[in-house]
Amino acid sequence: MQSMSLPSTGRPVILRVLALVTTLLVLAAACGANGRSTDSGAETEAATATQAGEAGESGEADPAVVGSGAEGHPATTPDSAADPVAEGSVAPTSSAPSTTTGPPAEEDPPLPVRCRGIDLPLQPREITFVLQGRLFAVDFGGTLRCLADVRIDKEIVPVSNLRWSPQSDAALLDQGRVITMGGGGRSGGDASYDGADFSVPSGTALIWAEEGRIALASTTREGFQILAGPVPADTAPEEEFVVEGVVYHPDGLHLLVWGRDGATGRSRLLVTAENGTAPALLMESDSAVISDVVVTPDGATVLYVLSADDGRELRALDLEAATLVDESGDEPVRSLPPVRPEDTTLLYEGVRPLGRVVPEPDGPRVLFAEGSCEAGSEVLLVDLEEGGYEIAAAPGVSGVPIGFLTHGSVVIEGFGETCGSPGPLLGVDVDSGDVETVMPRVEVASMRVMRSQPRFNLLDVEMTPAGYGPSPDTPSG
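Counting in my numbering, the sequence shown runs from 0 upward without gaps.
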């Protein structure tokens, strides 16, 4: 295994290749790729300013610190510059005690203290991670920069969750804490926020399952609300649908909601309007449990885990192929009938837990993890177009997938010495098997990706009403 020190004058093989790829992508983006209408002059000015700032980052404390943070807890303040986190220190964890605390490891790179805030990424994709109470980014050229100070009242708090909004202008941390541009955002709340994610496409709200219902919260204001759907609050318990998870469809107008039918106990996957009303049945299972639902960025495929007593499966439902088109009338009518899990595509089956499903942003490959931190977890890769058997992304590495750098290069977060302690962040060339150490240890990592418009949407698609809550013709109020 080859290790790299950031910033470094000798770039690893993966990052050297990515630097060329990224340059081409950035040039395309500057010319209006993906339908963006950003002023090219403003982009050039912003890029020049950022590059000039990064050239001065050497890891030395700078009193002119600018950043973004949760409301009431600025992410970066002049005080935080005067009281920098010691290089090489490790934030305490909330679970098993870590054996990695104490003096920094020799291979730890110097971390920049000056945090420049969350601005729109200049790269189509970049690796981000949290360490020592700060949020960092690594671009494809290997440059390390600090985005924001994520301490609370100068105290390093454990961070185990990191997700980016669709526009990459807000980051979600633990307990619903959000960091936005310009120093806004929200502090953590008292809700569960398990599996919370951003609304699509604006990212101005958080959505998640809270005590069997759909919960919604602003990314800038405190508190949250429970949506009325997919069942009214006054429905009898035996008629309720118990929500276990919810995600946005990339079209931004529909939710995919999974859970249990209160009357039958069956596991169901529903499609609802953005406010949770007008639920339609997409999938139903008599005995197995549907979970870990993810929609590919193009909007065409639903990936999900199916769990039963005798094992677990990763399956795919091709929404585009399943949508029927009737052209017998004056206008074509699109319809999507409900399906059974056994009628969807089996991608992988095993006996250990499956999860952390991560689709490629602009390709057919999918990463997922099999196993657990305690017993070991293998990162696997499947191809939706080529099919065939799964590929071990990094044989011998126990961890979880973070995302794709290119079609053949992925990022994996390895487990630490104990579950909950910082672990290595690795770049893997799947085709060659080369493994590079991006960072010797991180608390949590995530890919920051520019999302494009989905190719397939659920607009004007007729579906079978699920029988919960208001009818499709009933105003939601």
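Don't be surprised by glycine CBs; every beta carbon is placed ideally from N, CA and C.
Buried or exposed: where does residue i fall if 16 or more other Cβ atoms within 10 Å of its Cβ makes it buried?
i	result
valine 533	Limits of the chain in this structure are 0 at one end and 476 at the other, which puts residue 533 out of reach.
threonine 263	exposed
glutamate 435	buried
alanine 392	buried
proline 120	buried
aspartate 325	exposed
glutamate 359	buried
alanine 465	buried
glycine 387	exposed
glycine 310	exposed
proline 421	buried
glycine 395	exposed
alanine 320	exposed
serine 159	exposed
aspartate 148	buried
glutamate 154	exposed
glutamine 122	buried
arginine 220	exposed
glutamate 442	buried
proline 77	Its pLDDT being 34, under 50, proline 77 is placed unreliably by the model, and the measurement read from it follows with that caveat. Exposed, because fewer than 16 other Cβ atoms sit within 10 Å of the Cβ of proline 77.
Nearest-angstrom Cα distance between residue i and residue j?
i	j	result
isoleucine 126	arginine 339	37 Å
proline 400	arginine 265	30 Å
serine 290	glutamate 330	36 Å
proline 157	isoleucine 411	20 Å
glutamate 312	alanine 287	10 Å
glycine 426	alanine 444	12 Å
serine 327	valine 460	16 Å
serine 334	glutamate 243	26 Å
proline 423	glycine 141	16 Å
glutamate 273	glycine 413	36 Å
alanine 374	aspartate 342	32 Å
glycine 182	threonine 463	45 Å
glycine 432	methionine 438	18 Å
glycine 211	leucine 255	14 Å
arginine 124	leucine 268	31 Å
glycine 222	proline 278	25 Å
threonine 271	aspartate 428	39 Å
valine 301	valine 357	12 Å
proline 231	alanine 208	15 Å
valine 294	aspartate 152	38 Å
glutamate 239	leucine 280	14 Å
leucine 134	aspartate 317	36 Å
threonine 417	proline 336	47 Å
methionine 180	serine 376	35 Å
tyrosine 467	glycine 228	8 Å
tyrosine 303	leucine 379	15 Å
valine 112	glycine 175	25 Å
valine 448	serine 191	26 Å
List the DSSP bridge partners of residue i.
i	result
proline 358	Val365
valine 224	Sequence check: residue 224 is glutamine here, not valine. Looking at the DSSP assignment, glutamine 224 forms a beta bridge with Leu215.
glycine 422	Val441
valine 338	Met282
glycine 310	Ala307
aspartate 291	BP columns for aspartate 291 are empty, so no partner.
methionine 462	Leu335
phenylalanine 197	Leu205
serine 266	Arg259 and Ser284
methionine 446	Ile126
alanine 272	His253
Take residue i and list the residues in its own chain whose beta-carbon comes closer than 8 Å to its own, dropping the five residues that flank it on each side.
i	result
proline 363	Asp382, Leu383, Glu384 and Glu385
serine 371	Arg351 and Pro352
glutamate 348	Gly310, Arg311, Glu312 and Leu313
phenylalanine 403	Arg124, Val357, Glu359, Pro360, Gly362, Arg364, Leu366, Val409, Val410 and Met446
leucine 323	Arg333, Ser334, Leu335 and Pro336
Cutting at 7 Å between CB atoms, please list the residues of its own chain near residue i, excluding the five before and the five after it.
i	result
arginine 355	Phe367, Ala368, Val399 and Pro400
aspartate 285	Arg265
leucine 345	Glu312 and Arg314
proline 453	Pro249, Asp250, Pro296, Asp297 and Gly298
aspartate 430	Gly407
Excluding five sequence neighbours on each side, which residues of the same chain lie with their C-beta closer than 6 Å to the C-beta of residue i?
i	result
glycine 202	Ser164, Pro165, Gln166 and Ala169
alanine 18	In this prediction, alanine 18 has a pLDDT of 47, which is less than 50 and means its spatial position is unreliable; what the coordinates show is noted afterwards. Answer for alanine 18: Phe139 and Gly140, listed in chain order.
alanine 136	Glu125, Thr127, Arg144 and Leu146
asparagine 456	Asp250 and Gly298
leucine 252	Glu273
histidine 406	Gly362
isoleucine 213	Leu226, Val242, Val245 and Gly275
arginine 150	Gly132
glycine 187	Gln174, Gly175 and Arg176
When the cut-off is 8 Å and only beta carbons count, does residue i lie next to chain B?
i	result
arginine 440	Within the model displayed, chain B is absent; a lone protein chain is all it includes.
Is the closest heavy atom of the ligand ADP to the C-beta of residue i under 7 Å?
i	result
leucine 252	Looking for the ligand ADP in the displayed structure turns up nothing, as the structure carries no ligands at all.
Problem set entry | Whole beta strand (DSSP E) elements within the segment 102-178, 3-residue minimum | 124-130, 133-137, 143-148 and 169-171
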